[in-house]
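Residue numbers (our numbering): 44 to 515.
The C-beta atom is built at its ideal place from N, Cα and C for all residues, glycine as well.
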Amino acid sequence: MSKGRVTRLQIGAFGLPSIPISAMGLPIVVYLPPFYGHDMGLSLTVVGTVFMLARFWDVFTDPVLGMVSDRYPSRWGRRRHWIVIAAPILMVCGYMLFMPSPPVTWVYLAGWMFFLYIGWTLITISHMSWGAELSADYDERSTIQGVREFLLIFGMFTVLALPAVIEQVSEAAAAGPAKMAAMGWFVIILLPITIGLAVWLTPEFPSAPHQQIPWKRAWAIIAKNRLLQRVLAADLLVNIAPAITGSLYIFFASYVMELPKSASLLLLVYFVAGFVGIPAWIRMSHITGKHKTLAIAMVYGAVTLPLVVFFPRGEFWWLFIGNSLYGVAYGAGSFLLRSIMADVIDTDYLETGQRRTGLYYSLLSMTAKVGAALAVGITYPLLDLIQFTPAGVNSPETLNQFMAMYVTLPAIVMLAAAVIMWRFPLDREAQHDLRRRIEERDGHHASHDASDAAAAVTQVGTSSGIVDRPAE
């Protein structure tokens, strides 16, 4: 890619669609499952199964739509038209899912969830790929992804504020439909505005064509790259933990901790703590390395989450403290693993000479979705098993079992992720050596290409009479 640096205005405009993207993604994990299990009257097992199958459908569409995005450009470029196409799909599905007319069936929920994830996959993969192709500069790429992450978290803050406000002003303890409608309209209104500004203000720059990778070759890469396998395994675990707490949180705060009116406000506190903690994790990664910082963050989360067992129930400030402490670890796994993945991609580039960034990041996206699917698919049937009733009275034994599940399962998977990444071999020294070898290889090839090109010009020029023959 040959171009000047991207302006701040272009970077900011590019990141704007992240706001409605995250504003839709968070309710899908946190609010939509309990909404359909409580307000819409579906059984928890049915809701958990539908959300798990929809996520696995999303996993299947990831590589397919990723290849479609790569192979079918338009006069706008390779990515922007796909983002525009995804917008109306998300808007229609968002309206149907966030504002349903009861009664609803599992077929209704499953059908719209499957279509929603088609639009979701198309917009997220295209947006991430667009950002990766905006710049070839190492630091500028970090700036672009940092702005995108900042606006993703901002979208979470904003959409969480809506149900928090409704909880404080509504007399009804269960204002589920009002909360979902507010979040749905927030996404529906912002999607066309932010996408329009991004497409208008931020260009796509010409880049070298990407090599199309056959399915067999793609899966052969996965089987061979041990570093990739460790990153994917860690990412799966890192995403399972918050997906478990996220899918159970509304029930946990409302019934176990007896704070139904403050559930969304306290969830907002959790994300604020995660936002505040990111600079500290970045600084630590500069000192101890990315993989060890990731392991430390996971151990920290596994230690702080169980503290809620000792908190008195019905006390706002105790859960405020618990969510603040545990929330500091939020976000660390996401950006650290995506940074580590960039290093892993360099190992593949050194071996093959091909930039397969889209393929590798689509795999990382798939593990995140599998983690979310497993979290809902496992925990909601367990709620039925312990006889938890979201619309009725639960025994103290059931609530204690809920508490044990809420703190134990995430802590176990976070500790497993820490074990996987603690001795990750691609550390700072290994990465410096890797970059040196890539630069030497690329410089060697560039010099040969220049010599070959000069020889070809001389040969063509001589045969055509352009180059003068020596005087006789």
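Practice item. Take I161 and list the residues in its own chain whose beta-carbon comes closer than 7 angstroms to its own, dropping the five residues that flank it on each side. Key: Taking C-beta separations shorter than 7 angstroms and ignoring five residues to either side along the sequence, the partners of I161 in its chain run T104, I132, following chain order.
Review point. Given that a residue counts as buried once 16 or more other Cβ atoms are within 10 Å of its Cβ, and exposed if not, what is R466?
Key: By the 10 Å Cβ count, R466 comes out exposed.
Exercise for review: Give the DSSP-derived three-state secondary structure of S117 in the structure shown.
Suggested key: In the structure shown, S117 falls within a strand segment according to DSSP collapsed to helix, strand and coil.
Point to revise | Straight-line Cα distance separating A225 from P63 | key: A straight line joining the alpha-carbon of P63 with that of A225 spans about 13 angstroms.
Check your understanding: Which ranges would you report for the alpha helix (DSSP H) in the segment 269 to 352 if only whole runs of at least 4 residues count?
Key -> With a minimum length of 4 residues, the continuous alpha helix (DSSP H) runs that stay inside the segment 269 to 352 are 269 to 294, 306 to 331, 333 to 347.
Point to revise | F445 (DSSP reduced to helix, strand or coil) | key: DSSP, read as helix, strand or coil, puts F445 in helix.
**Study point:** Candidates T201, T237, G109: closest to S172 by CA position
**Key:** The residue with the shortest Cα to Cα distance from S172 is G109.
Review point. On the three-pair Cβ rule with 8 angstroms, is the segment 426 to 445 touching the segment 324 to 339?
Key: Verdict: no, contact absent.
Check your understanding: Roughly how many angstroms separate the alpha carbons of A263 and R269, rounded to a whole number?
Key -> Going by C-alpha positions, A263 is about 12 angstroms away from R269.
Check your understanding: Can at least three beta-carbon pairs, one atom from the segment 310 to 325 and one from the segment 360 to 375, be found at a separation below 8 angstroms?
Key -> These segments touch.
Review point. Would the segment 269 to 284 and the segment 456 to 470 be scored as touching if the rule is three or more Cβ pairs under 8 angstroms?
Key: Yes, the segment 269 to 284 is in contact with the segment 456 to 470.
Exercise for review: List the endpoints of the continuous alpha helix (DSSP H) containing N366.
Suggested key: 359 to 370 is the extent of the alpha helix (DSSP H) around N366.
Exercise for review: Please name the residue, chosen from N443, E472, L310, R191, that lies closest to G55 on a Cα-to-Cα basis.
Suggested key: Of the candidates N443, E472, L310, R191, the one whose C-alpha sits nearest the C-alpha of G55 is R191.
Review point. Is it a yes or a no for the segment 229 to 242 touching the segment 415 to 426, going by three-plus beta-carbon pairs under 8 angstroms?
Key: No, the segment 229 to 242 does not touch the segment 415 to 426.
**Study point:** Buried versus exposed call for Q444 [16 or more other C-beta atoms within 10 Å across all chains shown]
**Key:** Around the Cβ of Q444, a 10 Å sphere holds 16 or more other Cβ atoms; the residue is buried.
Practice item. Tell me whether the beta-carbon of M341 lies closer than 7 angstroms to the beta-carbon of G227. Key: Contact: no.
Exercise for review: Taking F99 and V419 to be in contact with their CB atoms under 8 angstroms, please state how far apart those CB atoms are, rounded to whole angstroms.
Suggested key: Not confirmed; about 11 angstroms, so no contact.
Review point. Looking at C-alpha atoms only, which residue of K267, I463, W163, R273 is the closest neighbour of D391?
Key: Ranking the options by Cα distance to D391, first place goes to K267.
**Study point:** Buried/exposed call for H81, threshold 16 Cβ in 10 Å
**Key:** Its Cβ being crowded by 16 or more others within 10 Å, H81 is buried.
Check your understanding: Cβ atoms of M139 and W155: under 7 angstroms apart, would you say?
Key -> Taking 7 angstroms as the cut-off, the beta carbon of W155 is found closer than this to the beta carbon of M139.
Review point. Is Y181 helix, strand or coil by DSSP?
Key: Here the model assigns Y181 a pLDDT of 48, short of 50, so the residue's position is not dependable and the matter cannot be decided.
Review point. Is E247 helix, strand or coil by DSSP?
Key: Secondary structure at E247: coil, using DSSP grouped into helix, strand and coil.
Exercise for review: Could you pull the start and end residues of the alpha helix (DSSP H) that D22 belongs to?
Suggested key: What the structure shows of the chain is the stretch from 44 to 515, and residue 22 is not part of that stretch, so it cannot be assessed.
Practice item. Please classify W163: is it buried, with 16 or more other beta-carbons within 10 angstroms of its beta-carbon, or exposed? Key: That one is buried.
Exercise for review: Could you check the C-alpha separation between P303 and F197 for me, to the nearest Å?
Suggested key: If I take the Cα positions, the gap works out to 24 angstroms.
Point to revise | Residue range of the alpha helix (DSSP H) that includes Y79 | key: The continuous alpha helix (DSSP H) containing Y79 extends over residues 75 to 81.
Review point. For R269, is the beta carbon positioned less than 6 angstroms from some heavy atom of the ligand FAD?
Key: Inclusion of the ligand FAD in the displayed structure is not the case, the ligand content being empty and no account of it being possible.
Exercise for review: Note the first and the last residue of the continuous alpha helix (DSSP H) segment covering Q53.
Suggested key: It spans 51 to 58 - the alpha helix (DSSP H) in which Q53 sits, taken as one unbroken run.
Point to revise | Span separating the alpha-carbon of M83 from that of E394 | key: Approximately 53 angstroms, taken between the alpha carbons.
Check your understanding: How many angstroms separate the CA atom of P433 from the CA atom of T88?
Key -> Roughly 13 angstroms separates the two Cα atoms.
Point to revise | Expected contact under 8 angstroms - CB spacing of L275 and L362 to nearest Å | key: With a Cβ gap of about 34 angstroms, L275 and L362 do not count as contacting.
**Study point:** Residue burial classification, A493 (beta-carbon count within 10 angstroms, cutoff 16)
**Key:** Only weak support exists for where A493 lies, its pLDDT of 44 falling under 50; the coordinates are left without a value.
Practice item. Decide if D386 is buried, meaning its Cβ has at least 16 other Cβ atoms within 10 Å, or exposed. Key: Counting other Cβ atoms within 10 Å of its Cβ, D386 reaches 16 or more and is therefore classed as buried.
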